[in-house]
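*Asks:* This is the structure I want to talk about, given as structure tokens.
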Amino acid sequence: MRSGAAVLDRIAASPSCLAGAMGKSDRKRASDPVKANPEQEDEAVDGAFDLWLRRGLHQLYDTVAKEPIPEDLLRMIEEDRTSKKE
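Listed below in structure tokens is the structure:
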């Protein structure tokens with residue numbers, strides 16, 4: 197009977213023996229999902245951040261933006277326009 201070390205040495209010396217031991221689950225399948233490249237991941241993160249920021253800004257400022265512009269401010273803007281035309 198051979199010793200365990202001798203068997204391991206023989207297997208290590210024969211790469212074809214290791215290749216035959218590789219099961220189907222070890223091989224790359226065409227149906228495996230492809231990892232996204234870093235640029236695609238960056239775009240996804242940017243898109244998620246943009247969505248988060250847009251929602252947060254709307255939540256904070258929509259009520260302010262919907263308020264009517266004060267009459268004094270409208271009058272000042274109109275006076276400035278007429279002074280620049282002259």
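In the working numbering, the protein residues as written are 197 to 282. Glycine residues also receive a C-beta, built at the ideal position from the N, C-alpha and C atoms. Just so you know, these numbers come straight off a predicted model, no measurement behind them.
1. What is the rounded straight-line gap between the Cα of Arg277 and the Cα of Pro266?
2. DSSP three-state label for Glu263, please.
3. Assign Glu275 to one of three DSSP states: helix, strand, or coil.
*Replies:* If we stick to the structure as given:
1. 17 Å
2. DSSP places Glu263 outside both helix and strand once states are collapsed to three, so it counts as coil.
3. helix
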